[in-house]
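Residue numbers (this note's numbering): 118 to 425. Every residue gets a Cβ at the ideal spot worked out from N, C-alpha and C, and that includes glycine.
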């Protein structure tokens with residue numbers, strides 16, 4: 118896995134070679150299940166750390182800006198990922214997702230939010246700025262979910278091992294993002310069980326995969342601990358969505374931990390990186406996403422994907 122792509126999916130990293138939820142207890146309207154078959158929503162995923170040039174194939178910032186315009190030209194609209202989950206769970210009408218696409222970003226570095234002078238690729242417009250530019254240009258509603266690595270200690274270490282050690286993985290922007298409403302902050306686990314970390318929240322230190330998070334102690338450390346920390350930081354916002362690091366799940370998480378211990382971790386759905394749109398029949402703990410650089414590498418590829 119390239120350090121520049123902490124998720125393990127997508128393009129290589131740096132040119133330099135370095136690498137809103139509802140209040141608990143409230144009630145939602147339950148929509149008739151007959152509305153759900155309309156559902157077909159591609160969820161597109163980008164990694165703001167993926168910068169190894171300034172062209173579409175090597176820079177997710179360039180790709181995101183171009184893809185937003187492609188989505189607009191295709192007559193599609195962008196909806197919050199939380200709305201996709203609401204429809205899946207029968208809490209909103211399926212018609213609210215007609216012609217819809219959802220966006221997600223993984224890892225949660227400063228490149229999601231800030232404009233940053235890249236050491237060898239020059240000034241990079243942050244993902245949030247790209248979304249704002251698109252909204253101002255087209256008048257279209259826009260929203261994305263940033264799945265962030267939660268542990269402050271892990272992010273400090275990853276900033277050295279996967280970026281360039283300039284403090285570009287802080288959480289100072291998360292509250293502002295949540296309040297503005299262009300980005301929602303959700304969990305990408307406590308420490309990603311990342312292979313470059315000295316110690317991770319995995320009992321046997323089997324790093325570099327999330328499939329090794331296969332027991333209650335490790336799952337609580339990676340998933341519940343992250344939700345608790347985010348909820349404390351971003352109150353009154355409460356985390357409700359999860360994206361598996363590396364896009365990897367396992368039977369224990371999908372069939373045991375996530376469905377049986379909802380009262381503890383409080384999540385409502387989880388996303389992997391299996392290619393495909395979200396359908397009415399998709400399992401809530403294993404929802405698919407398309408990843409830029411992995412499932413498409415050019416605008417024409419995305420156009421075909423959206424037209425499938």
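- DSSP places residue 335 inside the alpha helix (DSSP H), whose first and last residues are 333-336.
- Non-local C-beta neighbours of residue 388 in its own chain, meaning closer than 6 Å and more than five positions away in sequence, comprise 360, 404, 406, ordered along the chain.
- Membership of residue 223 in any alpha helix (DSSP H) is not indicated; the residue belongs instead to the beta strand (DSSP E) covering 217-224.
- Secondary structure of residue 195 (DSSP, three-state): strand.
- At a Cβ-Cβ threshold of 8 Å, residue 186 and residue 257 do not count as neighbours.
- Within the DSSP secondary-structure output, residue 373 pairs in no beta bridge.
- For residue 252, the enclosing alpha helix (DSSP H) begins and ends at 244-255.
- Collapsing the DSSP output to three states places residue 241 in a strand.
- When DSSP reads this structure, residue 160 sits in a beta bridge with 219.
- 8 Å or more divides the Cβ of residue 159 from the Cβ of residue 358.
- In summary, residue 319 is buried, with 16 or more beta-carbon neighbours lying within 10 Å of its beta-carbon over all protein chains present.
- Residue 173 sits in a helix when the DSSP states are folded into three classes.
- Contact check for residue 344 against residue 401 fails: the beta carbons are separated by 8 Å or more.
- Take the alpha-carbon of residue 168 and the one of residue 229: they are about 12 Å apart.
- Contact check between the region 371-383 and the region 334-351: three or more CB pairs, one atom from each, fall below 8 Å, which counts as touching.
- Straight across, the Cα-Cα distance linking residue 274 with residue 210 is about 43 Å.
- By the CB criterion at 8 Å, residue 243 and residue 232 fall inside the cutoff.
- Secondary structure remark: continuous beta strand (DSSP E) runs of at least 3 residues inside the region 263-334, in chain order: 300-304.
- The criterion of a C-beta distance shorter than 8 Å is satisfied by residue 362 and residue 306.
- In this structure residue 212 is not in contact with residue 157, their Cβ atoms being roughly 12 Å apart against a cut-off of 8 Å.
- Nearest C-alpha to residue 300 among 324, 175, 262, 191: 262.
- Bounds of the beta strand (DSSP E) holding residue 358 are 358-360.
- Here the alpha carbons of residue 408 and residue 227 stand approximately 20 Å from one another.
- Rounded to the nearest angstrom, the gap between the Cα atoms of residue 199 and residue 219 is 9 Å.
- Taking a 10 Å sphere around the C-beta of residue 172, we find fewer than 16 other C-beta atoms and assign the residue as exposed.
- Bridge pairing for residue 388: 360, 404 [DSSP].
- For residue 354, there is no enclosing alpha helix (DSSP H), since its DSSP letter is neither H nor E.
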